Amino acid sequence: MAEHLRMGDSAVDATAGTGADTCLLARSVGACGKVYSFDVQKEALKETEQRLSAEGLRDRVLLFHKGHETMGSIPELRQDSKIMGIMFNLGYLPHGDKEIVTKTDTTLAALESSVTLLAPKGLMTLCLYRHLAGLEESMAVEKWCAQLGAGFNVHKLETINKNNPPYLILAEKTK
-1 MAEHLRMGDS
9 AVDATAGTGA
19 DTCLLARSVG
29 ACGKVYSFDV
39 QKEALKETEQ
49 RLSAEGLRDR
59 VLLFHKGHET
69 MGSIPELRQD
79 SKIMGIMFNL
89 GYLPHGDKEI
99 VTKTDTTLAA
109 LESSVTLLAP
119 KGLMTLCLYR
129 HLAGLEESMA
139 VEKWCAQLGA
149 GFNVHKLETI
159 NKNNPPYLIL
169 AEKTK
């Protein structure tokens, strides 16, 4: 994703988590860019905010204590025509409550919003997990991505010599 984004672009971290992806996006879009970061857990947003502040990136990011399924209802986001990257790292917050996980229905709703928010030539990345809590969601997301029309190129990247490792889906909007 870092190689795809340019200074002045906008990006979305659909699952802020520990803030690593939000910081990567903020560095990638530069001081003139904007990042929108979502999480349902206050703990995750606090950790993300601390990380952003420590790296001097806080002013580039809007944090939302909301689920990623709400991204399509955020006026600033709907009006931003420069969204060139959207990242999803599904599952649960590392070192957090493993009972709080992303859900299939809200993730699919967020993906529906993402395809309209993403600018032409924009890239969406989805890190998916095959563990018990994430299996249903990963299968539904894969099925959803497979039905994306000719306006997208969709790729799947996975490790084949490990037991149930996470894998990545890349969806590039071509038009």
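Just so we're aligned, residue -1 is where the sequence shown starts under our numbering, counting upward by one. Glycine included, each C-beta is placed from N, C-alpha and C at the ideal position. Remember, it's a predicted structure, so these values are computed and weren't measured experimentally.
Among the options, nearest to residue i - alpha-carbon criterion
i: T157; options: Y127, V38, K173; result: Y127
i: S160; options: A117, E67, H129; result: First, the amino acid is wrong: residue 160 is Lys here, not Ser. Ranking the options by Cα distance to K160, first place goes to H129.
i: G15; options: L133, A42, L116, K154; result: A42
i: K141; options: A52, L106, E170; result: L106
i: C30; options: R4, K171, V152; result: R4
i: N151; options: H66, A117, A169; result: A169
i: V10; options: Y165, A138, P118, F86; result: F86
i: L165; options: C125, V139, A52; result: Note that residue 165 corresponds to Tyr in the displayed sequence, not to Leu. Ranking the options by Cα distance to Y165, first place goes to C125.
Alpha-carbon spacing of residue i relative to residue j, whole angstroms
i: T123; j: H2; result: 11 Å
i: R56; j: K101; result: 28 Å
i: G149; j: K173; result: 6 Å
i: C143; j: L61; result: 27 Å
i: T104; j: E135; result: 10 Å
i: G120; j: K154; result: 17 Å
i: I167; j: S26; result: 20 Å
i: S111; j: P73; result: 13 Å
i: P163; j: M(-1); result: 20 Å
Coil, strand or helix - residue i by DSSP
i: C30; result: coil
i: G17; result: coil
i: V38; result: coil
i: T114; result: helix
i: L146; result: coil
i: M82; result: strand
i: E134; result: helix
Cβ-Cβ separation, residue j to residue i (assumed contact under 8 Å), whole Å
i: L88; j: Y34; result: Not confirmed; about 17 Å, so no contact.
i: K80; j: S8; result: 4 Å
i: G6; j: G28; result: 6 Å
Test item: CB-CB of residue i and residue j under 9 Å
i: V113; j: L146; result: yes
i: A108; j: G70; result: yes
i: A24; j: R58; result: yes
i: T46; j: T68; result: no
i: H66; j: A12; result: yes
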